[in-house]
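Student: As you go down the protein sequences, you meet chains A and B in turn.
Residue numbering for the first sequence follows numbering that gives the first Met the number 0, beginning at 0 and increasing consecutively.
Residue numbering for the second sequence follows numbering that gives the first Met the number 0, beginning at 0 and increasing consecutively.
Protein chains: 2
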Amino acid sequence: MNGQAAAGNHPVDADRIWADLMDLAAITDPGRPYTRRSFSPRFLEGRAWLADRFRAAGLETRIDPAGNLIGRLEGTEPEAGTIALGSHSDTVPDGGRFDGTAGVLVALGIARTIVGQGIRLRHSLEIIDCLAEEVSEFGLSCIGSRGLAGALTPQSLDLRKPDGESLREAIARVGGDPDRIAVVARDDIRAWLELHIEQGRVLEEAGVDLGIVTSVVGITRVEIEVSGMADHAGTTPMHLRHDALVAAAGMVAEVRRLALRRIEAGGGYFVATTGELTVTPNAANVVPGKVRLLVEARGEAPDSIKVFLGELAQGTRRIAEASGVTLSSYRLLSEAPPTPFDPGLVSTLEAAASRNGVSFVRLPSGAGHDAVFFSRIAPTAMIFVPSRAGRSHCPEEWTDKQELALGALVQFDAILELDRSG
Amino acid sequence: MNGQAAAGNHPVDADRIWADLMDLAAITDPGRPYTRRSFSPRFLEGRAWLADRFRAAGLETRIDPAGNLIGRLEGTEPEAGTIALGSHSDTVPDGGRFDGTAGVLVALGIARTIVGQGIRLRHSLEIIDCLAEEVSEFGLSCIGSRGLAGALTPQSLDLRKPDGESLREAIARVGGDPDRIAVVARDDIRAWLELHIEQGRVLEEAGVDLGIVTSVVGITRVEIEVSGMADHAGTTPMHLRHDALVAAAGMVAEVRRLALRRIEAGGGYFVATTGELTVTPNAANVVPGKVRLLVEARGEAPDSIKVFLGELAQGTRRIAEASGVTLSSYRLLSEAPPTPFDPGLVSTLEAAASRNGVSFVRLPSGAGHDAVFFSRIAPTAMIFVPSRAGRSHCPEEWTDKQELALGALVQFDAILELDRSG
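See below:
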């Protein structure tokens, strides 16, 4: 925390937000830290608690067709549309206390301030707890925001959990109306503002209060299967080997080398990772016969991912040939383009930060968020608050109360400005 | 097959050896190719079949205290001692038809020839089916040959299978006498000759009939744990990463580089392998936080392994430092020195091969065998027959009948020579 805002009296009550965060975190699967998996009994318990809080704050509370929990304050000019803010209340297994909930509960704190101070907004204000942002048991993430944006396909609704329940049935069970999802893509939202923890170390390293998020990176995943020959590790001389792991190790190094080359070439944020590597047969006395790698590239610029993919295909082919192995499979598993956020909304957030003496950097989000789907139907931007040591999706996840307070302050101020000018 | 022996009439009946091999292979766990795990009902069924064959060949058949099945032909000069030959009849799961059984059934074929031709040897002759050569459910290999050589410790006898049975109990169950193992280390054996499939491609590449084995390599295993930081693969810029897999990949390459350096430096056969590599958490969107590697080095010369281990320790430390990760564990798991075979016996085998026009190369064995333990109590040597494409421990394991015939011929001739001169 660096800005002069640290010393000031904030309109948004951070102590109350903090108490809410700890109360919601206490609703967790027995004996596990911070687990409210979407669609589970514990998730519904958290939602019931949240709905009570929404109502207690004076918000008109409902569940929309896609299963999102929404608290609404009607504006003075209904035709002005809606300013929406929030995030999600579901967690990964053994997750943290801030991912998603920070955005929902800061938004609730802001709504309380607006009601408490008797502020009458022209726009309606909605606090949205998006359904199932984390990858759910259906193998899908961002279910509520997809639904709200008209991006939930009938095929998706037919997905089934391991226990046999379909997504359609599950959405109905949590209070949604799956048959109406297709017809209710929202067209009234004038802005989606999502506050979220960074889940990285960029803000901490930069020593700033906040991040103003300019885009969400594109994400591409490639699956590579390297096939050599599973020979006896004692009886096969080095020159007769077709070692799939030696080749795969070269590819892991290549992935990093090519990522660094993209960064040197400019074009903004770029990362590439070999996150999964599985060896077969994986025995001490057998030369590895097969290796499966999962390579992920994320970048701000669509071009940088494209160039990387071309170089990766070439590099892995070259390494396979030199190592006497084959690429028995090479598949593009998924390809999501970058999502640039609304420049006007980004400027509004920056101006609000500057007005309040809150230090910040612009940065792209390396992780996906509900904001990606909101951006299809409305001007969208995000605020990141720092994550201690970058930890996330684990019990050690942490953001200071004062950091949340500054994020709340900037978001609150931006909303007032949007309401005046929008 | 290259030598002039191919055209000759062999004293040892290869058709009968082949028929025995196929008969024994047919005794396998239902629905699985070639599985007779030591101590299992199927193993005992195979042994019962073998004991019948031994008796039918005129051998005095018994099980020794260590659980080895032995068929014996008494010699004319009891004080001359015993020439022993054989291998093992247990298999790995889903193994082949030749590993171990080839040595036992060629030996049986030789005994049949000796009996059939009315040859009276001065030495006693024993055909030994060593108990549990493959790594058993007790986690131990070469149980019978260890026992016979006085190398089975009381601690080993207390090892237990997953079902709770101790090795002591299991040896008694298969007909051994565990309490007598310690007192019966054999001192009467004048030679142990083991024929085995090569389990590699050296003979095939060299285009020769046989391998005469000069030693068994030393085997050393090192477990390395690389610890970095399991960061979000999207939100953690490349320069802030501590990627355990990138570091481990460098170590995999280093293992190969250092092995090639040992070979260039001379000092005989040397191989090194990273056979196991396990990534944690192994998820597409997480920078690998931990990697466990198992590195194995095998070499003919004790010095070459020692130098390799020194360079490996240095190389991995250097890579860890350069990659911003730590070696959270670095353990020597096991260390078995090379076993040189008896030079006189090796010469006897070479002379027998030359006399019969059988082409051969000298080579070290990259794999362990019962012969390692026999070499502690008797002059020992081995014959390798070729393995098609080096395949072993799998249903595709294959050696031609004619190749077995040449191995049998050389072993038979060497025995007659040993009996004359020994």
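Here a beta-carbon is modelled for each residue, glycine too, at the ideal position from N, C-alpha and C.
Report buried or exposed for LYS289 of chain B, applying the criterion of at least 16 other Cβ atoms within 10 angstroms of its Cβ.
Tutor: buried
Student: Quick check: what's the CA-CA separation for LEU417 of chain B versus ARG121 of chain B?
Tutor: 10 Å
Student: Which residue comes first and which comes last in the beta strand (DSSP E) that contains ILE62 of chain B?
Tutor: 59-62
Student: Excluding five sequence neighbours on each side, which residues of the same chain lie with their C-beta closer than 7 Å to the C-beta of ALA243 of chain A?
Tutor: VAL225, SER226, GLY227, PRO287, GLY288, LYS289, VAL290 and VAL324
Student: Using only CA atoms, which one of A:GLY94, A:LEU209, A:ARG52 and A:LEU257 lies nearest to GLU310 of chain A?
Tutor: Of the candidates A:GLY94, A:LEU209, A:ARG52 and A:LEU257, the one whose C-alpha sits nearest the C-alpha of GLU310 of chain A is A:LEU257.
Student: Mind pulling the chain A residues with CB within less than 8 Å of SER165 of chain B?
Tutor: Simply none; closest approach about 26 Å.
Student: Can you give me the start and stop residues for the alpha helix (DSSP H) that GLY314 of chain A sits inside?
Tutor: Counted as a single uninterrupted DSSP element, the alpha helix (DSSP H) harbouring GLY314 of chain A occupies residues 301-322.
Student: Going by the beta-carbon positions, is the gap between LEU209 of chain B and ARG96 of chain B smaller than 8 Å?
Tutor: Not in contact: LEU209 of chain B and ARG96 of chain B (Cβ atoms no closer than 8 Å).
Student: Please list, in chain order, all residues of the same chain as ARG31 of chain B whose beta carbon is under 8 Å from its beta carbon, the five residues on each side excluded.
Tutor: PRO92 and ASP93
Student: Can you check whether the C-beta of ALA4 of chain B is within less than 8 Å of a C-beta belonging to chain A?
Tutor: Its pLDDT being 46, under 50, ALA4 of chain B is placed unreliably in this model, and the value from its coordinates should be taken loosely. Cβ-Cβ to chain A under 8 Å: no for ALA4 of chain B.
Student: Just the Cα atoms here: how many angstroms apart are CYS141 of chain A and ASP412 of chain A?
Tutor: 27 Å
Student: Going by DSSP in three states, ILE196 of chain B sits in which element: helix, strand or coil?
Tutor: strand
Student: According to a CB-to-CB cut-off of less than 8 Å, which residues of the region 221-238 of chain A neighbour chain B?
Tutor: ASP230, HIS231, ALA232, GLY233, THR234, THR235, PRO236 and MET237
Student: Are any of the Cβ atoms in chain B nearer than 8 Å to that of ILE262 of chain A?
Tutor: yes
Student: With C-beta atoms as the reference, is VAL245 of chain B less than 8 Å away from VAL216 of chain A?
Tutor: no
Student: Closer than 7 Å between beta carbons: that is the criterion. Which residues of the region 125-150 of chain B meet it against chain A?
Tutor: none
Student: Are there three or more Cβ pairs, one per stretch, closer than 8 Å when the region 153-163 of chain B is compared with the region 55-62 of chain B?
Tutor: no
Student: For a contact meaning CB atoms closer than 9 Å, what does ASN67 of chain B contact in chain A?
Tutor: None at all; the shortest Cβ gap to chain A is about 24 Å.
Student: Ignoring anything shorter than 3 residues, give me the beta strand (DSSP E) runs that lie fully in the region 348-404 of chain A, in order along the chain.
Tutor: Complete beta strand (DSSP E) runs here, min 3: 359-364 and 379-384.
Student: Under 8 Å, Cβ to Cβ, is there at least one residue of chain A near LEU257 of chain B?
Tutor: no
Student: Residues of the region 388-399 of chain B in Cβ contact with chain A at a cutoff of 8 Å, in chain order, please.
Tutor: GLY389, SER391 and HIS392
Student: When you check each C-beta in the region 267-278 of chain A against every C-beta of chain B, which residues fall closer than 9 Å?
Tutor: Hits within the stretch, in order: TYR268, PHE269, VAL270, ALA271, THR272, THR273, GLY274, GLU275, LEU276, THR277 and VAL278.
Student: Scan the region 89-157 of chain B and note each continuous beta strand (DSSP E) run of 3 residues or more that stays entirely inside, going in chain order.
Tutor: 123-129
Student: With a threshold of 8 Å between beta-carbons, can GLU320 of chain B be considered close to chain A, or not?
Tutor: By this cut-off, GLU320 of chain B is not an interface position.
Student: Grouping DSSP H, G and I as helix and E and B as strand, with all else coil, what is PHE423 of chain B?
Tutor: Look at the range of chain B in this structure, 0 to 421, and you will see that residue 423 of chain B is not part of it.
Student: Using only CA atoms, which one of A:GLY146, A:ASP128 and A:PHE372 lies nearest to VAL182 of chain A?
Tutor: In terms of CA proximity to VAL182 of chain A, A:GLY146 leads the group A:GLY146, A:ASP128 and A:PHE372.
Student: At a Cβ threshold of 8 Å, is ALA101 of chain A touching chain B?
Tutor: no
Student: Under 7 Å between beta-carbons, which chain B residues line up against LEU244 of chain A? List them in chain order, please.
Tutor: VAL251, THR273 and LEU276
Student: Along chain A, which residues have their Cβ under 7 Å away from the Cβ of ALA283 of chain B?
Tutor: ARG220, GLY274, GLU275, LEU293 and GLU295
Student: In whole angstroms, what is the alpha-carbon distance linking MET38 of chain B and SER123 of chain B?
Tutor: The sequence given here has Phe at residue 38 of chain B, not Met. If you take the alpha carbons of PHE38 of chain B and SER123 of chain B, they lie about 28 Å apart.
Student: Strictly below 9 Å CB to CB, what residues from chain B border PRO199 of chain A?
Tutor: The sequence given here has Gly at residue 199 of chain A, not Pro. Here the neighbours are ASP230, HIS231, GLY233, THR234, THR235, PRO236 and LEU239.
Student: Consider the Cβ of SER248 of chain A: report whether some Cβ of chain B lies at a distance smaller than 8 Å.
Tutor: Residue identity differs from the one stated: residue 248 of chain A is Ala in this sequence, not Ser. Yes, ALA248 of chain A counts as interfacial toward chain B.
Student: Between B:ARG260, B:HIS231 and B:SER327, which has its C-alpha nearest ALA296 of chain B's C-alpha?
Tutor: B:ARG260
Student: Since SER86 of chain A sits in a beta bridge, which residues does DSSP pair it with?
Tutor: A:ASP128
Student: So, for GLU222 of chain B: in the same chain, excluding its five sequence neighbours on each side, which residues have a beta-carbon less than 6 Å away from its beta-carbon?
Tutor: LEU293, ARG330 and LEU332
Student: Report all residues from its chain with a CB closer than 6 Å to the CB of ILE304 of chain A; omit the five preceding and five following residues, and keep chain order.
Tutor: GLY217, THR219, ALA296 and GLY298
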